[in-house]
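Engineer:
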Amino acid sequence: VMVYDICHHINAQAAREIIPQTVLEKPPSAELRPNQKDSDSLPVYELLDPILEAYVEKDSSFEDIIDMGFMPDVVKKVITLVDRNEYKRRQAPPGVKITPRNFGRDRRMPVANRYQPF
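In terms of the working numbering, the sequence shown opens at residue 32 and continues consecutively.
#1: If you draw a straight line from the C-alpha of residue 94 to the C-alpha of residue 100, how long is it?
#2: DSSP three-state call for residue 75: helix, strand or coil?
#3: In the structure shown, what three-state DSSP assignment does residue 93 receive?
#4: Below 8 Å on the Cβ atoms is my guess for residue 37 versus residue 129; work out the distance and round it to an integer in Å.
#5: Can you name, in chain order, every residue of its own chain whose Cβ lies under 8 Å from the Cβ of residue 87, other than the five neighbours on each side?
#6: Sort 85, 89, 65, 58 by Cα distance to residue 75 and report the nearest one.
#7: When you compare the CB positions of residue 105 and residue 83, do they come within less than 8 Å of one another, or not?
#8: Classify residue 49: buried if its beta carbon has 16 or more other beta carbons within 10 angstroms, exposed otherwise.
#9: Out of 140, 60, 53, state which residue places its alpha-carbon closest to the alpha-carbon of residue 115.
#10: Starting from residue 127, trace the alpha helix (DSSP H) in both directions and tell me its first and last residue.
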């Protein structure tokens, strides 16, 4: 959701369409297979974003996030996906830092020895 806000801000600051509206209206997707949408395999962003913020930005534990009122199976899935994909973040070039804590320098998780938080 934050990315969309940033895109709208960029367009507003430029007083023109730098980021096309068609890009902003397209359903989010990793585009790894035809017609794939993020909603096919992830919780809706309104549910996903606060879980990610708690886990990544605030370093909240599984139990802390459950105590916030989220369903344990959803939280476990999100945390597992974040941690299992750490190796991809290590392979990627540094990205723009838009929050106080970003993937990369600010958050490092093990990628070896079959690390699993659950």
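All C-beta atoms, glycine included, are put in the ideal place defined by N, C-alpha and C.
Structural biologist: Judging by the given coordinates:
#1: 10 Å
#2: coil
#3: helix
#4: 7 Å
#5: 113, 132, 134, 138
#6: 58
#7: no
#8: exposed
#9: 140
#10: Taken as a continuous stretch (DSSP letters only), residue 127 belongs to no alpha helix (DSSP H), as it is neither H nor E.
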